[in-house]
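Below is one structure, written out as structure tokens, with a few remarks after it.
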Amino acid sequence: MPSEKILIVDDERLVRWSLRQKCEEWGYHVIEADNGSAGLRLARHESPDLVLLDVRLPDMGGLEILKQLKENGDARAVIMITADPQLEDVKLALKLGAYDFVGKPLDFDELSVAVKNALETTRLRTEVESLRGEVRRRHGYHDIVGVSQKMTELMVFVAKIATSEATTILVQGESGTGKDLVAKAIHYQSRRQEKPFVAINCSAIPETLMEAELFGHEKGAFTDAKAMKKGLFEAADGGTLFLDEIGELSPLLQAKLLRVLEDQVIRRVGGVRDMQVDVRVIAASNRDLEKMVRDGTFRQDLYYRLAIISVFLPPLRDRKEDILPLVEFFIERYNRKFKKSIRGVTDNTRRLLMKHDWPGNVRELKNAIERAMILDEAENLRPDYLPFAVAQQQAMYTAFESASPPAPIQQLPNGRSLPRLVIPEGGTSLEEVERAFVEMAMKEANGNQTHAARLLDISRDALRYKLKKFGLLHAEDDDPALATN
Numbered sequence: 001m002p003s004e005k006i007l008i009v010d011d012e013r014l015v016r017w018s019l020r021q022k023c024e025e026w027g028y029h030v031i032e033a034d035n036g037s038a039g040l041r042l043a044r045h046e047s048p049d050l051v052l053l054d055v056r057l058p059d060m061g062g063l064e065i066l067k068q069l070k071e072n073g074d075a076r077a078v079i080m081i082t083a084d085p086q087l088e089d090v091k092l093a094l095k096l097g098a099y100d101f102v103g104k105p106l107d108f109d110e111l112s113v114a115v116k117n118a119l120e121t122t123r124l125r126t127e128v129e130s131l132r133g134e135v136r137r138r139h140g141y142h143d144i145v146g147v148s149q150k151m152t153e154l155m156v157f158v159a160k161i162a163t164s165e166a167t168t169i170l171v172q173g174e175s176g177t178g179k180d181l182v183a184k185a186i187h188y189q190s191r192r193q194e195k196p197f198v199a200i201n202c203s204a205i206p207e208t209l210m211e212a213e214l215f216g217h218e219k220g221a222f223t224d225a226k227a228m229k230k231g232l233f234e235a236a237d238g239g240t241l242f243l244d245e246i247g248e249l250s251p252l253l254q255a256k257l258l259r260v261l262e263d264q265v266i267r268r269v270g271g272v273r274d275m276q277v278d279v280r281v282i283a284a285s286n287r288d289l290e291k292m293v294r295d296g297t298f299r300q301d302l303y304y305r306l307a308i309i310s311v312f313l314p315p316l317r318d319r320k321e322d323i324l325p326l327v328e329f330f331i332e333r334y335n336r337k338f339k340k341s342i343r344g345v346t347d348n349t350r351r352l353l354m355k356h357d358w359p360g361n362v363r364e365l366k367n368a369i370e371r372a373m374i375l376d377e378a379e380n381l382r383p384d385y386l387p388f389a390v391a392q393q394q395a396m397y398t399a400f401e402s403a404s405p406p407a408p409i410q411q412l413p414n415g416r417s418l419p420r421l422v423i424p425e426g427g428t429s430l431e432e433v434e435r436a437f438v439e440m441a442m443k444e445a446n447g448n449q450t451h452a453a454r455l456l457d458i459s460r461d462a463l464r465y466k467l468k469k470f471g472l473l474h475a476e477d478d479d480p481a482l483a484t485n
């Protein structure tokens, strides 16, 4: 069955018949009405892709029907038909949203082209709107995952910023906390969402090229300027410019940026004409800009201009209740990407994830889950595939395999080295690995805590803590005086 549906609204039976014959011949599904009221009812219930609408109808005017169709969203496109086209009617119809205007007697070749173009235009508009909706969903607030009080309060604040008229916003936080996600969320929930979002990392562009990158250049402004080039401010006109790592800008560029923020005026390199722009600037930095101001490496006036609205993203270690929701979010994302069906993580993996300090913040967590999703084939992700757990285990193996016993012990009491720890095929947790090494060290030291502590390169107090933690400290060994044998 054809996907496009055409509604014919005309009071002349012969016209309706001829239009139906041709439209069905062209492959469209056709419904029809002989007056305006019936046409509006059909449009409401059938949601046609195109309406062929006569201007003169017995019960109401075609222009009034057109107005109601557009206001109610009951038709994607409307082509007006009339035997007596008047210039004012044509102008008004186009103003009300008609796609085209054709006259009677009908030229079916002309009508065929008009119908085809109208339906193609509506398809493209639908696709564009769908893509825009997908972009808004992808970069909206749902992509910033957090159930902690800090993140809940942050997102309320970000929502308020997005709908404001603020033209400068400063986002601060450690590397990997998601400053770019916040910038995109602000843009795609603002009135600027249909305009460009342009991003640049200020530390990635050489200082000599940065001015031309931001403001553009005229032809012949410098040796390689063979043609005029618009800068990022012009590219982002009406939208948002995201300046990541703003603290890396040179003092000269800081001064020029301040002028643009104050006046919304730019001048291309080598140019003589000022140009007005309308750009919201979102700056971000993982450096302490206040300290840079005190040190004289960042302009105070620029800092205060940027920080009129300031957003601080807390590190992941300060909101650990967000770790598991983030893990679920990334597992769902990578299940779609890698066409897998991972259900979650094991209990040991969960404990490791919650204990880790995440110096790389959300970015480190995302990369860790992506790696595990690629390598692990189990139903739930296991600890062996977490990069930081693997690194810690390898470090422990290396220490035991390569380090000679510290003085005064030149060799183990029985003359043997510590055996290699074998990880079972099903995997194990880092805590279980640590317990196994403590047990082996105590066995090799014949229960001598001082010698065992030296083997593990930790203090005797630390060893005793681990023995208690793992339930390996017997009652007769609990007296520190007996432990120094």
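In terms of UniProt numbering, the sequence shown is residues 1 to 485.
Backbone N, C-alpha and C define an ideal beta-carbon position, used for all residues, glycine too.
- For the options Met228, Thr223, Phe222, the alpha carbon positioned closest to that of Gly216 is the one of Met228.
- Cβ neighbours of Asp357 within its own chain (closer than 8 Å, five residues either side excluded): Arg317.
- In the structure shown, Ala38 falls within a helical segment according to DSSP collapsed to helix, strand and coil.
- With contacts defined as CB atoms closer than 8 Å, Leu40 and Ile6 fail to qualify as a contacting pair.
- Nearest to Val281 by alpha-carbon distance, out of Arg273, Leu261, Gly296, is Leu261.
- Taking a contact to require three or more Cβ pairs closer than 8 Å, the stretch 288-303 and the stretch 187-196 do not qualify as touching.
- In this structure, Cys202 sits near Glu245, with a CB-CB distance shorter than 8 Å.
- The Cβ-Cβ distance between Asn35 and Asp74 does not fall below 8 Å.
- Non-local beta-carbon contacts of Val90 in its own chain, meaning distances under 6 Å to residues more than five positions away in sequence, involve Phe101 in chain order.
- Ile323 counts as buried, since no fewer than 16 other beta carbons sit within 10 angstroms of its beta carbon.
- DSSP places Phe298 in the coil class of the three-state scheme, outside both helix and strand.
- Bounds of any beta strand (DSSP E) do not take in Ile246, whose DSSP letter is neither H nor E.
- The stretch 296-380 is shown to contain whole beta strand (DSSP E) runs of 3 or more residues at 310-313, in chain order.
- In the DSSP assignment, Met275 forms a beta bridge with Ile266.
- Residue pairing by DSSP places Asn286 opposite no residue, since no beta bridge is assigned to it.
- Counted as a single uninterrupted DSSP element, the beta strand (DSSP E) harbouring Ala77 occupies residues 77-82.
- Annotated as distal: Ala77 and Leu170, with beta-carbon spacing of 8 Å or more.
- A direct Cα-Cα distance of roughly 15 Å separates Pro58 from Ala83.
- Here DSSP, grouped into helix, strand and coil, assigns Ile8 to strand.
- Ranked by Cα distance from Leu365, the first of Glu24, Thr177, Glu207, Met275 is Thr177.
- Remark: C-beta atoms of Ile8 and Glu32 approach each other more closely than 8 Å.
- The alpha-carbon separation between Thr208 and Asp237 amounts to approximately 24 Å.
- A Cβ-Cβ distance of about 17 Å is found for the pair Val311 and Val145, leaving them out of contact under the 8 Å criterion.
- Residue state for Val147 is assigned as coil, using DSSP reduced to three classes.
- Judged by DSSP in its simplified three-state form, Phe197 adopts strand.
- By the 16-neighbour rule on beta-carbons within 10 angstroms, Pro105 is exposed.
- For the pair Asp278 and Arg319, the Cα-to-Cα distance works out to about 37 Å.
- A residue is called buried once 16 or more other Cβ atoms fall within 10 Å of its Cβ, and Leu124, having fewer, is exposed.
- Burial state of Ala204 is exposed, judged by a 10 Å Cβ sphere holding fewer than 16 other Cβ atoms.
- Under DSSP, the beta-bridge partners assigned to Lys230 are Gly216.
- Residue range 179-188 is occupied by the alpha helix (DSSP H) that includes Ala183.
- With respect to the 8 Å criterion, Leu302 and Gln254 are classified as neighbours on the basis of their beta carbons.
- As computed with DSSP, Asp74 is found in no beta bridge at all.
- The three-state secondary structure of Leu455, taken from DSSP, is helix.
- In the three-state reduction of the DSSP assignment, Thr168 falls in the strand class.
- If you look at Glu32, you'll find it in the beta strand (DSSP E) that goes 29-33.
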